[in-house]
Amino acid sequence: MKKIINCIGMALLSGCVTTTTLKDAYDNPGWPGYITNSVSAFDNKHQLSMEPAYLSDATSLFRLGLRWNNKFREGQYIVVAEWGGAKNFDPDSSLGLNVDGKISYLQPVDETQFGVVSQKIVTSKGLVDVSVDLGNQTHKQYWVSEALLNKVIKAKKVIIRVELIDTYWEERLEPTGDAIPTYHKYPHIWAKAGFKNFLQLKGDASL
């Protein structure tokens, strides 16, 4: 699993990818940064879901996504932390954000949950559809306000810290210098640009 993710990340940094090839691969359900917009026929619940997207140089196993539905309180969202493998999160620990030197903590939606593990298979569209088995993914959810999300989007430097059992992981939210050329071609597969895209979509009057 780790090998697959690292290969994808290294491909992004190779400089050989184009905007068209990135769109063919990533503008599909399940891929990093993809946003699903749905309305339930049962209870009319409107939901937006952004697949966990890349941080830093896109080679780590850690990614971040967003969730929202119209049953949430005004200005309330969920950040989804994803680890690319079967991994236990520290259940009641917060998700730390250092936003331009100011530290905030996001509280877990479920303080008893070590993370939900599921297997993910995605498909990239092109001349030939290719299925990619990404293996196990572990997800844990944290509450976040729209105000803090906007600060994260506008910040120059954001460091994320997630607490795992017996260890932790820290990573820069913004793309590294090596990743910038790919980021400029297709930014929304990175979490920071994806967050901005998500809030813009959510702000549509129809929602």
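In the working numbering, the protein residues as written are 604 to 810. Virtual Cβ for every residue (Gly too), placed ideally from N, Cα, C. Values in this document were obtained by computation on a predicted structure and should not be read as measured data.
In the assembly as shown, Glu773 is an exposed residue. Its beta-carbon has fewer than 16 other beta-carbons within 10 Å. If you draw a straight line from the Cα of Thr726 to the Cα of Ala628, it comes to about 8 Å. Look at Val719 here: in three-state DSSP terms it is strand. Counting only unbroken stretches of 3 or more residues, the beta strand (DSSP E) elements lying wholly within the stretch 625-655 are 638-642, in sequence order. The beta carbon of Asn631 lies closer than 7 Å to those of Tyr637, Val725, Thr726, Ser727 and Lys728 in the same chain, with the five residues before and after it left out. With contacts defined as CB atoms closer than 8 Å, Glu685 and Pro655 qualify as a contacting pair. Only residues of its own chain outside the window of five on either side were considered, and among them Ile681, Val683 and Val712 have a CB closer than 6 Å to the CB of Gln744, listed in chain order.
Here Ile768 carries a coil assignment [DSSP, helix/strand/coil]. For Phe675, no alpha helix (DSSP H) run applies, since DSSP gives it neither H nor E.
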